[in-house]
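> For reference, the structure I am asking about is given below.
Laid out in structure tokens, this is it:
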């Protein structure tokens, strides 16, 4: 039964291969219906399969572990890397999120991309992405995980630059690829270090090795920090967060799937997967927590100042992943995964509703030219409202349960008021402000310039995923995943009521602030105060990196235009060319010249003999 | 029968050296293939003369035997070389050796 799980990543791969191979057999583009059937069907089947396996596992023995060995991938000396899957509840939860939310987004894409010329290419990439992401979460060793890790990075690159005819999109894709590459390099070095120290990269073996013996904490800390580097790159956390807002250049369902629900949470998954390692290192845990806390505040404030509907959501994604890192850093592993799950639901919902808004307004993304849309696209309005409520963690939405869990864990971690908890609480307030600012500016208030020619673009194929996601976002809080077997059980502590009260009150205060400030704001968004401008530019990180890294790099490459190192090899070639020219000049084909040289040579030789 | 030692060894060597240098100079300076062949003959004959002179000096017949060999060799050489010259003239319509320079680097 569990062997069926091997088919889960295989199905999207088959879908991808079919979609890619079509031009080999068929000259004209296949009909959209066929492409949609393959593209959506493969992920749908995978989702179905995952659910069946999850339910059987759940009823049988919730804590049972399953290992599936497919084949040996590489074998070098004592490095054994197998194409093996390890399945526990963390994996199952991730599988359900990826295939479930992935399926809904695929379905929605059929409607969203209906007028696109490259319908087939789109679904091919999307299927490949799902396959890579599934390999990432199923892998039982870090090398296979890295394969999936790079695979999702590649698909992210391909899909950000999907509309490649626009140069800006290509630039955004390259930025995303290069920035995440920095983190990936750190992660690769971390893997080397782990292998060097423990001579295994199998995660379970690694954990048992660490459990079994006294280990060097400094090495563990270093390895954890390097892995954190990879996670930070992939999950767009400080200081590598700059690529995610630009990644919004891709189609909106892609933003929903890759840059909100699944791929960017891979970093969270990685750290949760390696949590026994992190628990050994106080420094690494604190680093994770502080990265999360700063990121969630910085990007939260950035979100307040944005004018592009998708960039607001992008910054909110960074901020919410910051919450997950905060949770990881304070040891609330299941809290982080729980928030990952609810976030996948409500952020996918928000992005897909935003996609509907964008499509209805004929690809208008500026929120200052929207407004008053609630009458024209009521279904989208309702879904967006639910999404915003979850994002802001209003009571009894899914976001509330998971975020509350994180805030309480941050409180417990230091037994009282502490900077992490304060950051989380302040972040909750900011989240309330920006999410309701977005809602008010887009759907309430006076009609903007773009609202007048709004035409509801929702087709059933788009509405159904929206409704399902809305239901999941609302009630997902009740689906707390059974992760005790993976992360252990934490003792429940009693908290004084005021902590809960603060956590509930903060989003509501945020809502009030947004109501007061933004409900009737009719500014074009062009004139901003200096502070807003600073936040708008994402705290000037792009400017900083531009001056710190990009410009010196460009300057150096200008200097090195002729490749200084290469001149060594060019010099060797030039010298041998010169020698060749010299010697071939002596081979001039003149018999008399040869004879003369022969005579002169003989005379010299004889003279030499005589002289000696 | 004792062989009389020939007088004028030095003169013989001088003559043969002068002949050889003449032949060599002619080889280097002439462009006409026929003349070059004749210069080669002069060189060979200079060498052959040297054998004879040396043989006479030491009272040894080997020098004269070598002379016969050299003459035979020269005959064979001339036979081949003249055939080559004919071919050369046939192809190039000239006997200028400098025209024969296709094999150059």
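Chains as they are written, first to last, in this note's numbering: chain Y, 8 to 619; chain W, -1 to 103.
Ideal placement from N, C-alpha and C gives every residue a C-beta, glycine not left out.
Just so you know, these numbers come straight off a predicted model, no measurement behind them.
(1) Is the Cβ of residue 595 of chain Y closer than 8 Å to any Cβ of chain W?
(2) Within this structure, are the beta carbons of residue 405 of chain Y and residue 484 of chain Y separated by less than 8 Å?
(3) I believe residue 357 of chain Y touches residue 329 of chain Y by the beta-carbon criterion, under 8 Å. Please report the beta-carbon distance rounded to the nearest angstrom.
(4) Based on the DSSP output, what are the partners of residue 87 of chain Y in its beta bridges?
(5) I need the DSSP call for residue -1 of chain W, collapsed to helix, strand or coil.
(6) Does any CB atom of chain Y fall closer than 8 Å to the CB of residue 0 of chain W?
(7) With a threshold of 16 other CB atoms inside 10 Å of the CB of residue 282 of chain Y, please say whether the residue is buried or exposed.
(8) The alpha helix (DSSP H) with residue 412 of chain Y in it runs from where to where?
(9) Taking Cβ positions only, does residue 30 of chain W come closer than 8 Å to chain Y?
(10) Closer than 8 Å, Cβ to Cβ, to anything on chain W: give me those residues from the stretch 583 to 616 of chain Y, in chain order.
(11) At 4 residues or longer, and completely inside the stretch 217 to 280 of chain Y: list those alpha helix (DSSP H) runs for me, N to C.
(12) Distance, Cα to Cα, residue 291 of chain Y vs residue 471 of chain Y?
(13) If the criterion is Cβ atoms closer than 8 Å, does the pair residue 46 of chain Y and residue 110 of chain Y meet it?
(14) Could you please give me the residues that DSSP links to residue 146 of chain Y through a beta bridge?
(15) May I have the straight-line CA-CA distance separating residue 442 of chain Y from residue 252 of chain Y, to the nearest angstrom?
(16) What in chain Y is Cβ-close to residue 95 of chain W, meaning under 9 Å?
(17) Which partner residues does residue 76 of chain Y have in the DSSP bridge list?
(18) By the three-class DSSP mapping on this structure, what secondary structure does residue 58 of chain W have?
(19) Report the rounded CA-to-CA distance for residue 666 of chain Y versus residue 99 of chain Y, giving the unit in angstroms.
(20) Could you pull the DSSP bridge partners for residue 94 of chain W from this structure?
(21) I'd like to know if the stretch 127 to 145 of chain Y and the stretch 256 to 267 of chain Y are in contact, where contact means that at least 3 CB-CB pairs between them fall below 8 Å.
(22) Is the Cβ of residue 36 of chain W closer than 8 Å to any Cβ of chain Y?
(23) In chain Y, what lies closer than 7 Å to residue 12 of chain W by C-beta?
(24) Thinking just about the alpha-carbon of each residue, which of Y/433, Y/77, Y/56 is nearest to the one in residue 327 of chain Y?
(25) Counting only beta-carbon atoms, is residue 102 of chain W nearer than 8 Å to chain Y?
(26) Less than 8 Å between the beta carbons of residue 363 of chain Y and residue 243 of chain Y, yes or no?
(27) Residue 462 of chain Y and residue 360 of chain Y look like a contact to me (Cβ under 8 Å); what is the Cβ gap, rounded to whole Å?
(28) Can you look up residue 573 of chain Y in the DSSP assignment and give me helix, strand or coil?
(29) For a cutoff of 8 Å on Cβ pairs, would you count residue 17 of chain W as touching chain Y?
(30) Less than 8 Å between the CB atoms is what I'm expecting for residue 375 of chain Y and residue 314 of chain Y, so what's the real figure, rounded?
(31) Determine, for residue 84 of chain W, whether the minimum Cβ-Cβ distance to residues of chain Y falls below 8 Å.
(32) Here's the rule I'm using: 16 or more other beta-carbon atoms within 10 Å means buried, otherwise exposed. How should residue 0 of chain W be labelled?
(33) Quick one: complete alpha helix (DSSP H) runs, 4+ long, within the stretch 473 to 512 of chain Y?
(34) Using DSSP with H/G/I as helix, E/B as strand and the rest coil, what is residue 122 of chain Y?
(35) Quick check: the stretch 30 to 44 of chain W against the stretch 9 to 20 of chain W, are at least 3 beta-carbon pairs closer than 8 Å?
(36) Does DSSP classify residue 315 of chain Y as helix, strand or coil?
Taking the definition as stated:
(1) Here residue 595 of chain Y refers to the residue found at position 588 of the first chain. Taking Cβ atoms only, chain W reaches closer than 8 Å to residue 595 of chain Y, which makes this a yes.
(2) In the first chain, residue 405 of chain Y corresponds to position 398, counting from 1. In the first chain, residue 484 of chain Y corresponds to position 477, counting from 1. A contact, by the Cβ cut-off of 8 Å.
(3) Within the first chain, residue 357 of chain Y is the residue found at index 350, counting from 1. Within the first chain, residue 329 of chain Y is the residue found at index 322, counting from 1. Residue 357 of chain Y to residue 329 of chain Y, Cβ: 17 Å. No contact.
(4) Locating residue 87 of chain Y in the first chain gives position 80, where the first residue counts as 1. Bridge partners of residue 87 of chain Y: Y/82.
(5) On the second chain, position 1 is the one that residue -1 of chain W refers to. In this prediction, residue -1 of chain W scores a pLDDT of 43, lower than 50, which makes its location untrustworthy; the coordinate-derived value is nonetheless stated afterwards. Looking at residue -1 of chain W - three-state DSSP - the assignment turns out to be coil, as it is neither helix nor strand.
(6) As a working note, residue 0 of chain W is residue 2 in the second chain. Below a pLDDT of 50, predicted positions are generally treated as unreliable, and residue 0 of chain W, at 47, falls in that range; the measurement from the model is reported next regardless. Using a Cβ-Cβ cut-off of 8 Å, residue 0 of chain W does not count as an interface residue toward chain Y, since no Cβ of chain Y sits closer than that to its own.
(7) Residue numbering aside, residue 282 of chain Y sits at position 275 when the first chain is read from its first letter. Around the C-beta of residue 282 of chain Y, 16 or more other C-beta atoms lie within 10 Å, and the residue is accordingly described as buried.
(8) For the purposes of this step, residue 412 of chain Y is taken as the residue at position 405 of the first chain. It spans 405 to 420 - the alpha helix (DSSP H) in which residue 412 of chain Y sits, taken as one unbroken run.
(9) As a position in the second chain, residue 30 of chain W is number 32, starting the count at 1. Chain Y, which has no Cβ nearer than 8 Å to the Cβ of residue 30 of chain W, makes this no.
(10) For the stretch 583 to 616 of chain Y, which is checked against every Cβ of chain W, the residues closer than 8 Å are 590, 591, 592, 593, 594, 595, 596, 597, 598, 599, 602, 603, 606.
(11) Segments of the alpha helix (DSSP H) lying fully in the stretch 217 to 280 of chain Y: 224 to 241, 250 to 253, 259 to 263, 273 to 280.
(12) Position 284 of the first chain holds residue 291 of chain Y. Position 464 of the first chain holds residue 471 of chain Y. A direct Cα-to-Cα measurement between residue 291 of chain Y and residue 471 of chain Y gives close to 43 Å.
(13) Numbered from its first residue, the first chain carries residue 46 of chain Y at position 39. Numbered from its first residue, the first chain carries residue 110 of chain Y at position 103. No, the pair does not count as a contact, with Cβ atoms beyond the cut-off.
(14) Walking along the first chain from the start, residue 146 of chain Y turns up at place 139. For residue 146 of chain Y, which the question treats as bridged, DSSP gives the partners Y/92.
(15) Walking along the first chain from the start, residue 442 of chain Y turns up at place 435. Walking along the first chain from the start, residue 252 of chain Y turns up at place 245. Going by the C-alpha atoms only, they are around 16 Å apart.
(16) Residue 95 of chain W sits at position 97 when you count from the first residue of the second chain. Correct list: 597, 598, 599.
(17) Here residue 76 of chain Y is taken as the residue at index 69 of the first chain, counted from 1. Residue 76 of chain Y is bridged to Y/91.
(18) To locate residue 58 of chain W, count along the second chain from 1; it is residue 60. Residue 58 of chain W falls in the coil class under three-state DSSP.
(19) Past the edges of chain Y, shown from 8 to 619, lies residue 666 of chain Y, and the structure says nothing about it.
(20) Stepping through the second chain from its first residue, residue 94 of chain W is reached at position 96. In the DSSP output, where bridge partners are listed per residue, residue 94 of chain W has W/30.
(21) When Cβ pairs closer than 8 Å are counted between the two stretches, the stretch 127 to 145 of chain Y is seen to touch the stretch 256 to 267 of chain Y, the count reaching three or more.
(22) Walking along the second chain from the start, residue 36 of chain W turns up at place 38. Closer than 8 Å to the CB of residue 36 of chain W there is not a single CB belonging to chain Y.
(23) In the second chain, counting from the first residue as 1, residue 12 of chain W sits at position 14. Ordered by position in chain Y, no residue passes the 7 Å Cβ test against residue 12 of chain W, which lies about 18 Å from the chain.
(24) If you number the first chain from 1, residue 327 of chain Y lands on position 320. For the residues Y/433, Y/77, Y/56, the minimum Cα distance to residue 327 of chain Y belongs to Y/433.
(25) Taking the first residue of the second chain as 1, we reach residue 102 of chain W at position 104. Answer yes: the Cβ-Cβ gap between residue 102 of chain W and chain Y drops below 8 Å somewhere.
(26) The residue given as residue 363 of chain Y occupies position 356 in the first chain. The residue given as residue 243 of chain Y occupies position 236 in the first chain. Note that the C-beta distance between residue 363 of chain Y and residue 243 of chain Y is not below 8 Å.
(27) Residue 462 of chain Y sits at position 455 when you count from the first residue of the first chain. Residue 360 of chain Y sits at position 353 when you count from the first residue of the first chain. A Cβ-Cβ distance of about 16 Å is found for the pair residue 462 of chain Y and residue 360 of chain Y, leaving them out of contact under the 8 Å criterion.
(28) Position 566 of the first chain holds residue 573 of chain Y. In this structure, residue 573 of chain Y counts as helix in the three-state DSSP scheme.
(29) The sequence position of residue 17 of chain W within the second chain is 19, counting from 1. With its beta carbon at least 8 Å from every one in chain Y, residue 17 of chain W lies outside the interface.
(30) Here residue 375 of chain Y is taken as the residue at index 368 of the first chain, counted from 1. Here residue 314 of chain Y is taken as the residue at index 307 of the first chain, counted from 1. Confirmed, about 6 Å.
(31) Within the second chain, residue 84 of chain W is the residue found at index 86, counting from 1. Chain Y contact via Cβ: absent.
(32) As a working mapping, residue 0 of chain W is identified with position 2 in the second chain. No answer about residue 0 of chain W holds up, because its pLDDT of 47 lies below 50 and its placement is not dependable.
(33) 491 to 494, all fully within the stretch 473 to 512 of chain Y.
(34) As a first step, residue 122 of chain Y is located in the first chain; it is residue number 115 there, counting from the start. DSSP, reduced to helix, strand and coil, places residue 122 of chain Y outside both helices and strands of the structure shown, so it counts as coil.
(35) With the cut-off at 8 Å, the stretch 9 to 20 of chain W and the stretch 30 to 44 of chain W touch.
(36) Taking the first chain and counting its residues from 1, one reaches residue 315 of chain Y at position 308. Judged by DSSP in its simplified three-state form, residue 315 of chain Y adopts strand.
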